[in-house]
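Input: a single structure, listed below in C-alpha cells.
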Amino acid sequence: MAVLLAALALAPPAFAQPPDEAAQSAARTLGLAALTLYDQGDYPRALEKFEQAYLVYKAPTLGLGAARCLVKLGKLVAASERYSEVARTELDPSATIAFRQAKEDAEREGAELAAKVPKLTLRVEGAKPEEISVTLDGRPIDASSLGSPLPVDPGAHKAEVRRGAAKATGEATLAEGEGKTIVLVLPVEKPATAPSANGPAPSPNAAGDQGFPRRTIAWIAIGAGAAGLIAGGVMTGLTAGKKSYLDGEGGCNDGRCPPGTEADVDAYNALRIGSTIGFVVGAASGALGVTLLLTAPSVDKKTANTKNQSAAQGGAWAGVTLSPSAISVRGAF
C-alpha cells in the first residue's frame, strides 16, 4: 500500500483526459492521509479519505485502497464492486508500473473475495411476483431476483414480503462464503365462493316469510296514518275553538291581541301546528302502508294464521299520543 501511494505521488497522469494539477495534488494529499489512517487501523476514516481522493482522481491505487478498507469493515459486497471497477480501469500506455500493479492486484483480490461473499436466496410462497413487494434489510428487492442467490455482507439479514395488508418476514445470519435461503410464506387468498348449484332448495314459505313482516308493517303504518288524520281533525277543531275565543272574549282584532292573552295565543299556535303535523304524518303513514301492502308477497292461509298468532302473542300494536304542541306515533310488532 505504501509503495503504491508513493508511486502515486510521483506518477504523471496516465489517462486519456487526466485531471488538472490541482485535483491531482488534492487527491495525493488525501491519499497519503488515508494511508496513515489505514496503517493505524482506523478503517472508517481511511475509507472516507480514499473515497474523497478517488472521486477527484480515478487512480487505481486510490480505488484499491478504498476496496481494502471495505474488506476490513466487513462490507464485502461494496468491496467486490470497487475491486471490479478498479480492474476495469483503462490505463494509458504510458501508465506507471504502480498503476498497472494496482489494477492487477484489484483483479486478483477481487477474484479471491468473490468466494468469500455470502449468498442469500429469497423465495416467496403463496403469491405471484406481480402481487408483492419485497425488501431485504429495508431496501427494495426486484421480484425478478427471487430464487436467485444475492450477494450480501456477513452477518444478520431480515427479509420481508407484503401483499396488501398481509406480510411475512424471515431472518438469516451468514458467515463468509456461506449460502442460505429464506422462505417467505404468505397466506393464500381464498377465492370468493359462488353459491352451490346443488345447495338446499329455498323453503316453500320463503316468499311468505318475507311478505308477512311487510304486511304487518303496512297495517301498522295504515293504523298510524288513520290515527294521525284523526288527531289532525281533533286539533283542527280545537284550533277553531281557540281562534273563536281569542277573536271574541280575548279581544283580538286583525291578528293583534291585548296584553294578558299571550298564553292563549301560544296555545292557539301550538294547536295549529299540531293539526298540520297530524294531517302530514297521517297522510304519509297511510300512503306508506298502502304501498307496502300492495307490494308485499302473497302469504298462504296457514302461514298467515301462524304469523298472526305469533304477532298476537308478541303484542303487536300501534298508537298515537296527542299533546298541545306535538303528535307522536308509536308501535311494536
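Following numbering that gives the first Met the number 0, the residues of the sequence shown are numbered contiguously, the last one being 332. Heads up, the beta-carbon is just placed ideally off N, CA and C, and yes, glycines get one too. The structure presented is a predicted model; accordingly, all values stated were derived computationally and were not measured.
Taking only three categories from DSSP, how would you classify residue i?
| i | result |
| --- | --- |
| valine 116 | coil |
| lysine 127 | coil |
| threonine 60 | helix |
| alanine 155 | strand |
| valine 55 | helix |
| alanine 165 | strand |
| aspartate 19 | coil |
| serine 274 | helix |
| lysine 189 | coil |
| alanine 45 | helix |
| proline 212 | helix |
| serine 93 | coil |
| lysine 71 | helix |
| aspartate 104 | helix |
| arginine 87 | coil |
| alanine 266 | helix |
| leucine 149 | strand |
| alanine 171 | strand |
| threonine 260 | coil |
| glycine 178 | strand |
Work out the CA separation of residue j and residue i for me, nearest whole Å.
| i | j | result |
| --- | --- | --- |
| alanine 220 | alanine 286 | 8 Å |
| isoleucine 140 | proline 212 | 59 Å |
| serine 132 | lysine 179 | 21 Å |
| arginine 27 | tyrosine 37 | 15 Å |
| alanine 310 | glycine 222 | Low local confidence applies: a pLDDT of 46 at alanine 310 is under 50, so the model's placement there is unreliable, with the coordinate-based value given in what follows. Spanning the two alpha carbons is a distance of roughly 16 Å. |
| valine 160 | glycine 154 | 20 Å |
| arginine 138 | alanine 171 | 16 Å |
| alanine 25 | aspartate 136 | 36 Å |
| glycine 30 | lysine 48 | 7 Å |
| lysine 189 | lysine 127 | 14 Å |
| valine 264 | glycine 232 | 20 Å |
| aspartate 19 | leucine 145 | 46 Å |
| alanine 105 | alanine 167 | 40 Å |
| glutamine 23 | threonine 35 | 19 Å |
| threonine 342 | valine 280 | A query on residue 342 cannot be resolved here, the shown segment of the chain reaching from 0 to 332 and no further. |
| glutamate 50 | glycine 40 | 17 Å |
| histidine 156 | lysine 57 | 33 Å |
| proline 43 | alanine 21 | 26 Å |
| threonine 95 | glycine 176 | 35 Å |
| arginine 107 | lysine 71 | 17 Å |
| alanine 262 | arginine 255 | 14 Å |
| glycine 240 | alanine 230 | 15 Å |
| isoleucine 216 | aspartate 253 | 46 Å |
| threonine 290 | tyrosine 244 | 42 Å |
Excluding the five sequence neighbours on either side, which residues of its own chain have a C-beta within less than 7 Å of the C-beta of residue i, listed in chain order?
| i | result |
| --- | --- |
| valine 76 | Val116, Pro150, Val151 and Asp152 |
| alanine 113 | Ser79 |
| methionine 234 | Leu270, Gly273, Ser274 and Gly277 |
| leucine 69 | Leu46, Ala77, Ala78 and Arg81 |
Whose C-beta lies closer than 6 Å to the C-beta of residue i among residues of the same chain, with five residues either side of it excluded?
| i | result |
| --- | --- |
| proline 59 | Val85, Thr88, Phe98, Ala101 and Lys102 |
| glutamate 130 | Arg162 |
| proline 148 | Lys118 and Thr120 |
| alanine 174 | Pro153 |
What whole-angstrom Cβ distance do residue i and residue j have, given they're in contact under 8 Å?
| i | j | result |
| --- | --- | --- |
| leucine 61 | alanine 52 | 5 Å |
| alanine 33 | glycine 64 | 6 Å |
| glutamate 351 | leucine 54 | This structure leaves residue 351 out entirely; the chain is present only between 0 and 332. |
With a Cβ-Cβ cutoff of 9 Å, do residue i and residue j count as a contact?
| i | j | result |
| --- | --- | --- |
| glycine 169 | valine 182 | yes |
| glycine 247 | threonine 260 | no |
| alanine 282 | leucine 237 | no |
| serine 83 | glycine 109 | yes |
| threonine 134 | alanine 165 | no |
Could you name the residues of the same chain whose beta carbon sits closer than 8 Å to that of residue i, not counting the 5 residues immediately before and after it, in chain order?
| i | result |
| --- | --- |
| serine 143 | Pro128 |
| arginine 122 | Leu145, Gly146, Thr180, Ile181, Val182 and Leu183 |
| arginine 67 | Met0, Tyr37, Ala78 and Glu108 |
Can a CB atom of chain D be found closer than 9 Å to the CB of residue i?
| i | result |
| --- | --- |
| arginine 122 | No chain D appears in the structure shown, which is made up of a single protein chain. |
Answer yes or no: the CB of residue i versus the heavy atoms of the ligand MG, is any distance below 8 Å?
| i | result |
| --- | --- |
| leucine 31 | Looking at this structure, you won't find the ligand MG or any other ligand, since it has none at all. |
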